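Student: Got a structure for you, written out below as structure tokens; questions coming shortly.
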Amino acid sequence: MDARQYAELFQAEAGEYMQVLNQCLLKLEENPRDSEQLKEAFRAVHSLKGMAGTMGYQHVTNIAHGLENFMEDFKTFEWEPSPEVIDLIFEAVDLLQESLEHPEESSHEDQQKWEKLMSEMKKSRESEDAETTAEQDESEQVGTSFQLGVMDQEILRQAYEREEHPCLVHVFFKEDVLMKSVRIYMVFKALEECGEVIASVPTQQELEEEQFDTDFQVLYVPQNNNTADVQEKIMQITDVEKVTVSPWEAHDLLETGPEEDTSSGKTAGLEESKQMADPACPNEESPQEKTGDVKEGAVTQQIAEEPQQTENAPKSQSVSEEETGQQVTRAVDKMVRVETQKLDDLVNLVGEMVVARTRITEIGHGFNEELDTTIDQLKRSISNLQDTAMELRMVPIDQVFGRFPRMVRDLCREKGKKVQLYISGEETELDRSIINRLSDPLVHLLRNAFDHGIEPPEERVKKGKRAEGTIHLKACHEGNQVVITVEDDGGGIDPKKVGRSAVQKGLISEEEFSQLSDDDLVSLIFFSGFSTSDQVTDVSGRGVGMDAVRNSIEALHGTVEVSSEIGVMTRFEMRLPLTLAIITTLLVKSSNQLYAIPVEVIRENVYLDRREIKTIRGNPVVNLRGEVIPLFTLSSLLGFESGGLPEDECSVVIVEATGRRAGFIVDDLIGQQEIMIKSLGELIRGLKGIAGATVLGDGSVTLIIDVAGLLSEGRD
Amino acid sequence: MSKTVLVVDDTAFMRMTLKSMLEKNGYEVVGEGEDGQKGVELYKELKPSLVTMDITMPNMDGITAIKEIMSFDPGATVMVVSAMGQKSLVIEALNAGAKDFVVKPFQPDRIAEALAKLEG
Chain W
149 MDARQYAELF QAEAGEYMQV LNQCLLKLEE NPRDSEQLKE AFRAVHSLKG MAGTMGYQHV
209 TNIAHGLENF MEDFKTFEWE PSPEVIDLIF EAVDLLQESL EHPEESSHED QQKWEKLMSE
269 MKKSRESEDA ETTAEQDESE QVGTSFQLGV MDQEILRQAY EREEHPCLVH VFFKEDVLMK
329 SVRIYMVFKA LEECGEVIAS VPTQQELEEE QFDTDFQVLY VPQNNNTADV QEKIMQITDV
389 EKVTVSPWEA HDLLETGPEE DTSSGKTAGL EESKQMADPA CPNEESPQEK TGDVKEGAVT
449 QQIAEEPQQT ENAPKSQSVS EEETGQQVTR AVDKMVRVET QKLDDLVNLV GEMVVARTRI
509 TEIGHGFNEE LDTTIDQLKR SISNLQDTAM ELRMVPIDQV FGRFPRMVRD LCREKGKKVQ
569 LYISGEETEL DRSIINRLSD PLVHLLRNAF DHGIEPPEER VKKGKRAEGT IHLKACHEGN
629 QVVITVEDDG GGIDPKKVGR SAVQKGLISE EEFSQLSDDD LVSLIFFSGF STSDQVTDVS
689 GRGVGMDAVR NSIEALHGTV EVSSEIGVMT RFEMRLPLTL AIITTLLVKS SNQLYAIPVE
749 VIRENVYLDR REIKTIRGNP VVNLRGEVIP LFTLSSLLGF ESGGLPEDEC SVVIVEATGR
809 RAGFIVDDLI GQQEIMIKSL GELIRGLKGI AGATVLGDGS VTLIIDVAGL LSEGRD
Chain A
68 MSKTVLVVDD TAFMRMTLKS MLEKNGYEVV GEGEDGQKGV ELYKELKPSL VTMDITMPNM
128 DGITAIKEIM SFDPGATVMV VSAMGQKSLV IEALNAGAKD FVVKPFQPDR IAEALAKLEG
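Protein sequence lines correspond, in order, to chains W and A.
Those letters in the first sequence? Residues 149 to 864, by the working numbering.
Those letters in the second sequence? Residues 68 to 187, by the working numbering.
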């Protein structure tokens with residue numbers, strides 16, 4: 149089937165299952181007795197397998213299937229998984245994750261990795277259930293002729309007396325039959341509904357263990373010799389290719405008859421397993437009731453087969469337990485899945501309505517009283533609609549936080565450090581476009597905290613701290629911002645060390661070093677090309693870290709700050725807007741054109757006298773409270789018009805981004821306004837210095853300034 | 068009689084693929100349930116000519132749902148949709164009254180065949 153169109157939905161849902169899986173395993177690791185977690189994890193794997201199979205993702209399906217098998221016994225028998233077992237499961241989950249990243253192809257290497265893990269899992273399982281499998285190795289040879297016990301012969305004899313003739317039913321399954329044993333079960337059930345099964349080749353037990361190819365024969369006594377009925381009934385079962393019914397010669401009976409002692413046991417087992425598989429089947433009894441002594445026979449068989457039954461007993465028990473487990477866990481989620489594109493479209497449309505609303509208010513005002521009230525109503529509804537549309541885009545930050553416990557756990561294992569991660573505020577909601585881009589910077593900060601922040605256990609103990617370090621990851625709303633903090637109780641950042649290193653690298657001068665406050669020095673870590681770590685590890689410390697973090701947060705119209713106390717803690721605080729779709733901007737006018745500057749990059753607005761503007765090598769600058777700030781005429785910086793410096797006084801917007809400050813000379817400050825960002829469209833996308841455009845209430849189009857882009861442009 | 072079907076599965080993905088396959092076979096998907104409980108409710112409301120039922124689902128599993136549907140309507144036609152390795156559960160579902168089962172991942176022609184046999 150062509151499942152490509154569902155690939156996106158598959159990935160989204162698979163991602164959720166992977167998250168569930170990881171969470172369950174982490175909880176299980178903490179408390180191996182918590183079988184609910186194992187069951188939940190099992191269900192997640194199971195669902196993944198089904199989905200992947202339908203998509204035709206062979207490798208993903210294989211891994212999920214293998215993992216499911218591995219977990220099944222632990223789930224069924226409520227065995228407590230050892231730490232080694234949980235590790236193996238984690239490893240398999242990782243391979244599963246990898247395979248999901250490129251589900252359509254799997255390299256030879258992937259296969260080998262999986263096979264290696266499979267054999268490890270097999271080994272571990274063999275040691276786990278060595279006792280339980282010990283008994284099962286008896287039934288190896290597949291029989292070629294019917295083995296009939298005394299009772300079978302008796303049934304046959306009585307059938308002859310009733311003039312019912314035994315026959316040989318030969319059933320052929322299709323080559324690609326799935327779950328043969330269940331089909332077998334269906335065939336036997338159908339047979340028993342209209343006659344009596346005497347024996348089969350292979351035996352019913354062998355059949356149920358799927359120790360056969362695609363066909364088997366049953367010695368059968370149809371009720372009232374109605375063979376056509378039987379044939380039709382069996383043909384109706386899916387995956388049955390062909391059924392032949394032929395008369396059976398009674399003399400065969402005598403050939404196999406004498407071997408009473410051994411064979412009766414075997415056939416009895418056959419009868420027994422049938423009853424066990426189908427305890428409630430009423431047809432099982434009806435033919436037997438015709439003869440009194442058969443019942444007695446059945447009782448003796450049951451006694452003879454006692455050990456086998458107890459062996460099977462836990463299985464049926466586990467089924468009912470699974471049922472109840474399912475009812476307890478996982479609350480109903482009343483959710484609808486919608487493509488994000490549709491949400492974006494909706495928000496966009498609502499944005500247009502907001503603009504039209506403003507226009508219509510202006511046009512219609514005072515025209516007619518009735519019109520005014522209607523417009524008022526419309527305004528309210530549109531505002532509500534806007535709020536609702538924005539809410540639709542909000543998702544809990546848990547989507548990002550959720551993977552961190554696993555990450556920290558793995559790091560602990562790998563690096564031999566003890567770190568406990570505490571997460572709070574994971575229900576805080578943010579625009580999904582922001583959430584998606586938060587992951588990388590957060591990973592970076594966490595790894596940094598783990599690697600450079602938290603000291604090795606021995607060192608911590610020496611300092612009188614607990615050997616186990618802690619990292620707090622927090623999110624909360626503050627006004628219309630989301631604040632995310634990453635705080636560790638590690639060694640802190642030494643401002644002097646940072647400063648000295650910055651001087652060495654030429655980032656600041658010796659003089660600046662002596663003037664800067666400790667906080668400012670620590671903030672130098674956000675400069676590009678900076679790293680204080682002496683050794684480079686594979687997780688962090690390559691010196692590209694913190695400026696990358698700052699850049700990605702600023703790209704989200706957010707800010708990031710660091711504070712630290714030597715020997716006690718380091719805290720990174722990020723402030724992000726709730727949504728990227730609507731931002732607060734300052735509208736300014738330059739060369740008769742309106743521009744919108746996002747307020748979070750604006751440090752201050754100043755009114756400058758012409759005389760305060762100096763030039764350094766021909767470039768205008770201003771000395772603002774001891775800091776020299778370069779000045780640019782906004783429109784010429786954008787390349788529109790090289791308007792010279794103003795005659796007398798001018799407004800200057802001081803902005804800061806990517807660690808640089810600058811002043812934009814503008815003609816006029818219009819005021820603050822919330823605007824809805826619209827993309828510029830394919831043709832001029834990625835224009836440097838322009839973040840997008842918006843439509844103002846009067847219908848005019850305004851460009852939104854991308855300050856970070858402009859400043860890096862100006863630097864080149 | 069128009070062939071109506073109710074699809075019960077906890078993953079939206081399976082519901083979608085099943086739906087498209089069933090529709091190709093001339094069925095009209097009149098309802099979709101994401102768990103057993105919902106499946107039973109929808110059955111009572113819609114009385115479809117066929118139900119496809121997943122086994123492992125939250126709230127109420129497929130087997131319990133089949134039992135409830137059968138006790139409401141002994142003539143109901145329920146087809147179990149199961150993954151590999153659920154032998155004992157499939158058997159239980161058959162005992163509960165399911166008429167047939169298909170194994171995930173399924174091929175379109177398998178579904179078609181199972182449907183044809185159910186109708187026959």
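Quick reminder that beta carbons are idealized off the backbone N, C-alpha and C, glycines included.
Remember, it's a predicted structure, so these values are computed and weren't measured experimentally.
With C-beta atoms as the reference, is W/Gly198 less than 7 angstroms away from A/Lys171?
Tutor: Contact flag set, yes.
Student: Which runs of the alpha helix (DSSP H) at least 4 residues long sit entirely within the segment 734-820 of chain W? Give them in chain order.
Tutor: Segments of the alpha helix (DSSP H) lying fully in the segment 734-820 of chain W: 782-785.
Student: List the residues that DSSP assigns as beta-bridge partners of W/Ala347.
Tutor: W/Ala347 pairs with W/Leu367.
Student: Quick check for students: name the residue ranges of the alpha helix (DSSP H) that lie wholly in the segment 76-102 of chain A, counting only runs of 4 or more.
Tutor: 79-91, all fully within the segment 76-102 of chain A.
Student: Got a sec? Which residues, its chain only, sit under 6 angstroms from W/Cys429 by beta carbon, not counting five neighbours each side?
Tutor: Any answer about W/Cys429 is weak, because its pLDDT of 39 lies below 50 and its placement is not dependable; what the coordinates show is given next. Same-chain partners within the cutoff: there are none.
Student: Exposed or buried, what is W/Arg759 when buried is set at 16 or more other beta-carbons lying within 10 Å of its beta-carbon?
Tutor: The residue is exposed, with fewer than 16 neighbouring Cβ atoms inside 10 Å.
Student: Can you look up W/His600 in the DSSP assignment and give me helix, strand or coil?
Tutor: DSSP places W/His600 in helix when its eight states are reduced to three.
Student: In terms of alpha-carbon separation, which member of W/Met694, W/Val716, W/Glu721, W/Gly715 lies closest to W/Thr707?
Tutor: Of the candidates W/Met694, W/Val716, W/Glu721, W/Gly715, the one whose C-alpha sits nearest the C-alpha of W/Thr707 is W/Glu721.
Student: Can we say the segment 604-617 of chain W touches the segment 635-649 of chain W, given the rule of at least three CB pairs closer than 8 angstroms?
Tutor: As far as the Cβ criterion goes, the segment 604-617 of chain W touches the segment 635-649 of chain W, which means the pair count is three or higher.
Student: Kindly indicate which three-state DSSP category A/Ala165 falls into: helix, strand or coil?
Tutor: Here A/Ala165 sits in coil by DSSP.
Student: Leaving out five residues before and five after W/Tyr205 in sequence, what residues of the same chain have Cβ atoms less than 6 angstroms from its Cβ?
Tutor: Cβ neighbours of W/Tyr205 beyond the five flanking positions: Pro251.
Student: Please determine, among W/Leu533, W/Met203, W/Lys737, W/Ile673, the residue with the shortest C-alpha to C-alpha distance to W/His600.
Tutor: Of the listed residues, the one whose Cα sits closest to W/His600 is W/Ile673.
Student: Is A/Lys111 close to chain W? Criterion is C-beta to C-beta, closer than 7 angstroms.
Tutor: No, no contact with chain W.
Student: Cβ-heavy atom distance between W/Leu316 and the ligand PLP below 6 angstroms?
Tutor: Only the bare structure without any ligand can be found here, which leaves the ligand PLP out of the picture.
Student: Starting from W/Ala504, trace the alpha helix (DSSP H) in both directions and tell me its first and last residue.
Tutor: Looking at the DSSP string, the run of the alpha helix (DSSP H) that includes W/Ala504 is 488-512.
Student: Looking only at its chain, what residues have a beta carbon closer than 8 angstroms to the beta carbon of W/Leu236, apart from the 5 residues adjacent to it on each side?
Tutor: Result list for W/Leu236: Phe218, Leu265, Glu268, Met269, Ser272, in chain order.
Student: Closer than 7 angstroms, Cβ to Cβ, to anything on chain W: give me those residues from the segment 140-164 of chain A, in chain order.
Tutor: Cβ contacts with chain W come from Ala150, Met151, Gly152, Lys154, Ser155, Leu156, Val157, Ile158, Glu159, Leu161, Asn162.
Student: Taking C-beta pairs closer than 7 angstroms, name the residues in chain A that W/Val330 reaches, listed in chain order.
Tutor: Those are Lys154, Val157, Ile158, Phe168, listed as they occur along chain A.
Student: Any idea which residues DSSP pairs W/Ala841 with across the strands?
Tutor: DSSP output for W/Ala841 lists W/Lys826, W/Leu851 as bridge partner(s).
Student: How would you label W/Val849, buried or exposed, when you count the other beta carbons within 10 angstroms and need 16 or more for buried?
Tutor: Classification for W/Val849: exposed.
Student: Determine the chain A residues that contact W/Glu216 at a beta-carbon separation under 7 angstroms, and present them in chain order.
Tutor: Per Cβ cutoff of 7 angstroms: Gly152.
Student: With DSSP as the reference, please indicate the residues paired to W/Gln568 in a beta bridge.
Tutor: Answer is W/Thr618, bridged to W/Gln568.
Student: Ignore the nearest five residues each way along the sequence and tell me which others in W/Pro229's own chain have a CB closer than 6 angstroms to its CB.
Tutor: Cβ neighbours of W/Pro229 beyond the five flanking positions: Pro180, Phe222.
Student: Return yes when the Cβ of A/Val147 is within less than 7 angstroms of the Cβ of A/Gly106, no when it is not.
Tutor: Against a cut-off of 7 angstroms, the Cβ pair of A/Val147 and A/Gly106 comes out as no contact.
Student: Am I right that W/Glu752 and W/Ile818 are in contact with their C-beta atoms under 8 angstroms? What's the rounded C-beta distance?
Tutor: Going by Cβ atoms, the distance from W/Glu752 to W/Ile818 rounds to 17 angstroms, so no, they are not a contact pair.
Student: Looking at the structure shown, is W/Ile731 part of a helix, part of a strand, or coil, going by DSSP?
Tutor: DSSP places W/Ile731 in strand when its eight states are reduced to three.
Student: Can you tell which of W/Glu354, W/Asn372, W/Glu188, W/Glu184 has the C-alpha that lies nearest to the C-alpha of W/Glu311?
Tutor: The option with the nearest alpha carbon to W/Glu311 is W/Asn372.
Student: Can you tell me the Cα-Cα spacing of A/Ala183 and A/Asn92, whole angstroms?
Tutor: Cα-Cα distance, rounded: 9 angstroms.
Student: Assuming contact is defined by CB atoms lying nearer than 7 angstroms, are W/Val335 and W/Ile382 in contact in what I supplied?
Tutor: Taking 7 angstroms as the Cβ cut-off, W/Val335 and W/Ile382 qualify as a contacting pair.
Student: Can A/Val96 and A/Val72 be called in contact, C-beta distance under 7 angstroms?
Tutor: In this structure, A/Val72 lies closer than 7 angstroms to A/Val96 by Cβ.
Student: Using only the alpha-carbon positions, how far apart do W/Gly847 and W/Ala189 sit?
Tutor: Straight-line Cα distance between these residues: approximately 54 angstroms.
Student: Does chain A have any CB closer than 7 angstroms to the CB of W/Tyr333?
Tutor: Yes, its Cβ sits closer than 7 angstroms to a Cβ of chain A.
Student: Cα separation between W/Glu340 and W/Ala307?
Tutor: Going from the Cα of W/Glu340 to the Cα of W/Ala307 covers about 15 angstroms.
Student: On the criterion of 16 or more Cβ atoms from any shown chain inside 10 Å, does W/Ser411 qualify as buried, or is it exposed?
Tutor: Here W/Ser411 scores only 39 on pLDDT, less than 50, and its place in the model is too uncertain to base an answer on.
Student: Can a CB atom of chain W be found closer than 7 angstroms to the CB of A/Thr119?
Tutor: Chain W, which has no Cβ nearer than 7 angstroms to the Cβ of A/Thr119, makes this no.
Student: Cα-Cα, which of W/Ile332, W/Glu246, W/Ser799, W/Gly550 is closest to W/Gln356?
Tutor: Contrary to the premise, residue 356 of chain W reads as Glu rather than Gln in this sequence. Ranking the options by Cα distance to W/Glu356, first place goes to W/Ile332.
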